Amino acid sequence: MRIGVVTFPGTLDDRDAARAVKYAGAEAVSLWHGDADLKGVDAVILPGGFSYGDYLRCGAISSFAPVMTEIIAQANKGMPVLGICNGFQVLCEAHLLPGALTRNHELHFLCRDQTLKIENTTSAWTTNFTKGQEIVIPLKNGEGSFQCDDETLKALEDSNRIIARYVGENPNGSRNLIAGITNERGNVVGLMPHPEHAIDSLTGPTTDGLPFFTSVLSALVGK
Amino acid sequence: MSLDTVASAQTSPDTKQPFAELGLKPDEYARIKEILNRRPTSSELAMYSVMWSEHCSYKSSKVHLKQFGEKAPHSDALLVGIGENAGVVDVGQGYAVTFKIESHNHPSFIEPYQGAATGVGGIVRDILTMGARPIAVMDPLRFGPADAPDTKRVLPGIVAGIGGYGNCLGLPNIGGEITFDQTYLGNPLVNALCVGVMRHDQIKLAKASGAGNLVVLFGAKTGGDGIGGVSVLASETFGASGPAKRPSVQVGDPFVEKVLIECSLEIFAEDLVVGIQDLGGAGLSCATSELASGGSGGMQVQLDKVPLRDPSLSPEEILMSESQERMCAIVEPKHIARFLEICAKWDVTVDVIGEVTDGDSLIITWHGEVIVDVPPRTVAHEGPVYNRPFAQPDYINIVNAQNIDVPLPKTAAEIKAAMLTIASTPNLADKSWVTSQYDKYVQGNTILAQPEDAGMVRVDETTQLGVAISTDANANWSYLNPYEGAKLALAEAARNIAVAGAKPLAVTNCLNFGSPEDPGVMWQFAETVRGLADGCLEMGLPVTGGNVSFYNQTGDVAILPTPVIGVLGVIQDVRTRTPMGIPAAGLDLYLLGETKNDLAGSEWAFLHNQRGGNSPIADLQREMKLIDFLLANNSIFKSAHDLSQGGLAATLIEATLKNNIGATITLTDAGIELLSETPSRVLIAIDPQDAAKITYPATKIGTTGGTSLTINDAEISLAELRTAHTETFPKLFG
Numbered sequence: 001m002r003i004g005v006v007t008f009p010g011t012l013d014d015r016d017a018a019r020a021v022k023y024a025g026a027e028a029v030s031l032w033h034g035d036a037d038l039k040g041v042d043a044v045i046l047p048g049g050f051s052y053g054d055y056l057r058c059g060a061i062s063s064f065a066p067v068m069t070e071i072i073a074q075a076n077k078g079m080p081v082l083g084i085c086n087g088f089q090v091l092c093e094a095h096l097l098p099g100a101l102t103r104n105h106e107l108h109f110l111c112r113d114q115t116l117k118i119e120n121t122t123s124a125w126t127t128n129f130t131k132g133q134e135i136v137i138p139l140k141n142g143e144g145s146f147q148c149d150d151e152t153l154k155a156l157e158d159s160n161r162i163i164a165r166y167v168g169e170n171p172n173g174s175r176n177l178i179a180g181i182t183n184e185r186g187n188v189v190g191l192m193p194h195p196e197h198a199i200d201s202l203t204g205p206t207t208d209g210l211p212f213f214t215s216v217l218s219a220l221v222g223k
Numbered sequence: 001m002s003l004d005t006v007a008s009a010q011t012s013p014d015t016k017q018p019f020a021e022l023g024l025k026p027d028e029y030a031r032i033k034e035i036l037n038r039r040p041t042s043s044e045l046a047m048y049s050v051m052w053s054e055h056c057s058y059k060s061s062k063v064h065l066k067q068f069g070e071k072a073p074h075s076d077a078l079l080v081g082i083g084e085n086a087g088v089v090d091v092g093q094g095y096a097v098t099f100k101i102e103s104h105n106h107p108s109f110i111e112p113y114q115g116a117a118t119g120v121g122g123i124v125r126d127i128l129t130m131g132a133r134p135i136a137v138m139d140p141l142r143f144g145p146a147d148a149p150d151t152k153r154v155l156p157g158i159v160a161g162i163g164g165y166g167n168c169l170g171l172p173n174i175g176g177e178i179t180f181d182q183t184y185l186g187n188p189l190v191n192a193l194c195v196g197v198m199r200h201d202q203i204k205l206a207k208a209s210g211a212g213n214l215v216v217l218f219g220a221k222t223g224g225d226g227i228g229g230v231s232v233l234a235s236e237t238f239g240a241s242g243p244a245k246r247p248s249v250q251v252g253d254p255f256v257e258k259v260l261i262e263c264s265l266e267i268f269a270e271d272l273v274v275g276i277q278d279l280g281g282a283g284l285s286c287a288t289s290e291l292a293s294g295g296s297g298g299m300q301v302q303l304d305k306v307p308l309r310d311p312s313l314s315p316e317e318i319l320m321s322e323s324q325e326r327m328c329a330i331v332e333p334k335h336i337a338r339f340l341e342i343c344a345k346w347d348v349t350v351d352v353i354g355e356v357t358d359g360d361s362l363i364i365t366w367h368g369e370v371i372v373d374v375p376p377r378t379v380a381h382e383g384p385v386y387n388r389p390f391a392q393p394d395y396i397n398i399v400n401a402q403n404i405d406v407p408l409p410k411t412a413a414e415i416k417a418a419m420l421t422i423a424s425t426p427n428l429a430d431k432s433w434v435t436s437q438y439d440k441y442v443q444g445n446t447i448l449a450q451p452e453d454a455g456m457v458r459v460d461e462t463t464q465l466g467v468a469i470s471t472d473a474n475a476n477w478s479y480l481n482p483y484e485g486a487k488l489a490l491a492e493a494a495r496n497i498a499v500a501g502a503k504p505l506a507v508t509n510c511l512n513f514g515s516p517e518d519p520g521v522m523w524q525f526a527e528t529v530r531g532l533a534d535g536c537l538e539m540g541l542p543v544t545g546g547n548v549s550f551y552n553q554t555g556d557v558a559i560l561p562t563p564v565i566g567v568l569g570v571i572q573d574v575r576t577r578t579p580m581g582i583p584a585a586g587l588d589l590y591l592l593g594e595t596k597n598d599l600a601g602s603e604w605a606f607l608h609n610q611r612g613g614n615s616p617i618a619d620l621q622r623e624m625k626l627i628d629f630l631l632a633n634n635s636i637f638k639s640a641h642d643l644s645q646g647g648l649a650a651t652l653i654e655a656t657l658k659n660n661i662g663a664t665i666t667l668t669d670a671g672i673e674l675l676s677e678t679p680s681r682v683l684i685a686i687d688p689q690d691a692a693k694i695t696y697p698a699t700k701i702g703t704t705g706g707t708s709l710t711i712n713d714a715e716i717s718l719a720e721l722r723t724a725h726t727e728t729f730p731k732l733f734g
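Respectively, the protein sequence lines represent chains A and B.
Quick note: the first sequence, position 78, residue 78 per the numbering used here, numbers continuous.
Quick note: the second sequence, position 315, residue 315 per the numbering used here, numbers continuous.
Here it is as structure tokens:
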């Protein structure tokens, strides 16, 4: 199994995402923003960071990168895509996911260990969780407040497209405590917290993030 | 006004020049004329003025700092010593680690966000320049009183600036300190530390050698920021039509720096540079003169080739601009095509601006006319040296004669009240409000981060080799006795490394002081350097570099002498690290070391407005025995936590709250045992069956478990303790 990890200028967590892919037992393939070539990978991760320095809007410039044209085309055909943090922002800007991520309600960058409740266990990236499972993984962002209109929110809720919710105090002002969502098909997932930083308790708070990466392998094998 | 060329300087010897406005003394100006055998051009004057400034030339501190070389202990670990951008230490397995700490105090007071942000940017480029990948940052900070209105202005801005820049670079922030004191009100301290790692054969130096090699400027375009005093020249050059006043605080763009880091590392990996220097203080003046001076001396630069953000800049301003995110490399002609290709891949602006020559002059031209022709060593390394007068200030004898007279808690109610005070006082309260604004996880190698005793990062994922860093200063002790204060800060930083399970290897420092023109301040500085040099020699730890920040003074009020000491350590297997938090119930708690009546300079005395007394005398032999014991017996410690500010009280609070596991403590003289700050002490938690393995003077003080911290008859629930500990910062700054 080969999973692509995209590097944009300003991407920070690409090596972390590649490490998580390896921990899950797959091969990580580095993809460059300027090449519209996915090198035949089976799935793609858009990692966290500050691509293009968050200029204009977070993820806005990256969503027009040559590599994204190909990712959008493949995602629409069903290829699993996971956007973490800045990657989530890119997916929203690319209209692969609805809504937008705005400034945290307290206006500070926030890095902490965050408890999440897994709500959706049918997406390509969450089948190895159990519904209602609580996990702890790092949250770290300045613009992580998920916002959308009421109609979109209702559609997301009604069609079980909330991947995970924050447990306890709302860390960033997201609507309905949303930490992550998926598209209608369930192959594209956007997640604000960072599962790639929770794959080894030596360097992360837990190993709770690993099932995101093993789930996609199960999804690909079952295809 | 026309261009001031070398030719015109020769024919107009009597032209009046604004050397005083640029900060040069009359004798310094005379010395420049003597070196050049003519008056300097305005560009040369600008270069000398910034390079001979206190900040760049260390002219007041040099005579003292040479002790770090003279008293240097023998060390096989030191690969590159003082004088380069940062020292480099061998940590084994072919890895070299470079680390350094620098101040960005004054800019951060003027413009907290950008001042702090560019402080991080500058130290990261220093580390990158050595050829290393930056792997972590730390930020020791000092502020005026926590409730002062100006602290509410500078602290949130500085914290946001450090986070805004460091987070965007993808560097984990793994430690630091925050301390409040009245003397920092007009002079907050922002010290920034960076650590980087490389293979031994990747070390790069700032030298321009090999005639015909190209001088390449890459990174951000040059703008009018950070020009400072040189605006005097600028306004002269431009008259009324030019830009009026340049901002003297630089503006950072961390995105450009992140791209510059990746671009530079790719260039280093292909071994495409002969020498490299970042552009920081004094900009291109510093980079060109230091590169030329570090090589054979000859260099020719076409200044009009520098890519500009603002085309109206004069040559003097271009030479002085401190625009951030720029690097200057020396590249062999055969490698230039590949060099340019890598820059293009990363969309990094790059231009060849000159070449190394076989002469011994740094010659800078502006559209073909020579505007600078100087021996580079006279600019970069042979600046003025002052032996400034120093004398023990009058306050020393007065404060040393004072006795500390503070109420010590005895009853259960008093003990509980004292614990809650220590838990909540700004100097010791939980700093999560600050540290949660920093990314500690990025790169996936962070083993320990604040509030642990030391920050620790993994260097090699296969072998689990890691490094640990701690920065410490106790300005209260340095105020009472700067010689002992420096040694004690060194001892504490080294102890913090050992507590985490790493072996101390090398030292960096950032020496923050008032005005060197005050003999009393100069004495504090001289005593500090003497103490640190003696301490490093005794402990066998080489000083690899450092930074001096003078003039942290408002009117007659100087800051407390604040030598921030950073110690780097190595750990063979990061999985063996020892955390500070008690991990389980049913363990025995031992206090290593002896507790004396050391309340002078303590947090408890500070809380009672008592600043007098005598600091403890550093016993470095005892400290080294403690460190040896810690390292030899690391495997039996379930947790270990240093005792420092706030004494045993603060240590117990932090150790129990970390994992929410309580403790029951029995003390015979609770007041002094909780609040004394005797150095060389550590709290450890061990399995009861390992008691016989403790071969260092130790006292069993209690056991772990429960949901309270109980000291004799005083029971404090962890919930109440946590509220006291965590609500201070959000209340003050949230």
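All C-beta atoms, glycine included, are put in the ideal place defined by N, C-alpha and C.
From a predicted model like this one, the values you see are computed outputs, not experimental measurements.
Where residue i sits in the DSSP three-state scheme
i, result
"tryptophan 32(A)", "strand"
"valine 67(A)", "helix"
"glutamine 553(B)", "strand"
"leucine 537(B)", "helix"
"asparagine 187(B)", "coil"
"tyrosine 113(B)", "helix"
"lysine 700(B)", "strand"
"glycine 242(B)", "Since pLDDT at glycine 242(B) reaches only 45, below the 50 mark, its modelled position is unreliable, and the value read off the structure follows with that caveat. Note: glycine 242(B) maps to coil in three-state DSSP."
"cysteine 58(A)", "coil"
"tyrosine 441(B)", "coil"
C-beta neighbour in chain A for residue i, strict 8 Å
i, result
"alanine 240(B)", "Only weak support exists for where alanine 240(B) lies, its pLDDT of 41 falling under 50; the value from the coordinates is given anyway. For alanine 240(B), the answer is no, since every Cβ of chain A falls outside 8 Å of its Cβ."
"lysine 221(B)", "no"
"isoleucine 218(B)", "Correcting the residue type first, residue 218(B) is phenylalanine in the shown sequence and not isoleucine. So no, phenylalanine 218(B) is outside the interface."
"tyrosine 165(B)", "no"
"isoleucine 158(B)", "no"
"threonine 462(B)", "no"
Below-8 Å beta-carbon distance, residue i vs any chain B residue
i, result
"threonine 203(A)", "yes"
"phenylalanine 50(A)", "yes"
"leucine 110(A)", "yes"
"leucine 156(A)", "no"
"aspartate 208(A)", "no"
"proline 193(A)", "no"
"arginine 57(A)", "no"
Nearest candidate by alpha-carbon position, reference residue i, set the options
i, options, result
"glycine 798(B)", "Gln302(B), Tyr184(B) and Leu279(B)", "In this structure chain B extends from 1 to 734, so residue 798(B) is not present and cannot be described."
"threonine 738(B)", "Leu189(B), Gly593(B) and Arg153(B)", "This structure cannot speak to residue 738(B), because chain B is shown only from 1 to 734."
Scan the segment 336 to 362 of chain B for residues whose Cβ lies nearer than 9 Å to a Cβ of chain A and list them as they occur along the chain. Lys345, Trp346 and Asp347
Which ranges would you report for the beta strand (DSSP E) in the segment 146 to 198 of chain A if only whole runs of at least 3 residues count? 162 to 166, 178 to 182 and 188 to 191
Listed in chain order, which residues of the segment 169 to 194 of chain B have Cβ atoms closer than 7 Å to some Cβ of chain A? Gly170
For the segment 21 to 54 of chain A, list every residue whose C-beta sits within 7 Å of some C-beta in chain B, in sequence order. Gly49, Phe50, Tyr52 and Gly53
If you measure beta-carbon to beta-carbon, which residues of the segment 128 to 142 of chain A are closer than 7 Å to chain B? Pro138 and Lys140
For the segment 79 to 100 of chain B, which residues have a CB atom closer than 7 Å to at least one CB atom of chain A, in sequence order? none
For the segment 246 to 280 of chain B, enumerate the residues whose C-beta is nearer than 9 Å to any C-beta of chain A, in chain order. Asp253, Pro254, Phe255, Val256, Lys258, Val259 and Glu262
Jot down the residue ranges of each uninterrupted beta strand (DSSP E) in the segment 6 to 56 of chain A, minimum 3 residues, whole runs only, in chain order. 27 to 32 and 43 to 46
Sequence ranges, beta strand (DSSP E) only - wholly within the segment 348 to 424 of chain B, length at least 3: 350 to 356, 362 to 366 and 369 to 374
Could you tell me which whole alpha helix (DSSP H) segments of length 4 or greater appear in the segment 34 to 104 of chain B? 42 to 51, 54 to 57, 62 to 65 and 67 to 70
At what residue ranges does the segment 457 to 506 of chain B contain a whole run of the alpha helix (DSSP H), taking only runs of 4 or more? 475 to 480 and 482 to 499
Contiguous beta strand (DSSP E) assignments of at least 3 residues, all confined to the segment 75 to 126 of chain A: 81 to 84, 100 to 102 and 110 to 118
Below 7 Å between beta carbons is the criterion; list the residues of the segment 67 to 89 of chain A that meet it against any residue of chain B, in chain order. none
Closer than 7 Å, Cβ to any Cβ of chain A: which residues of the segment 123 to 136 of chain B, in chain order? none
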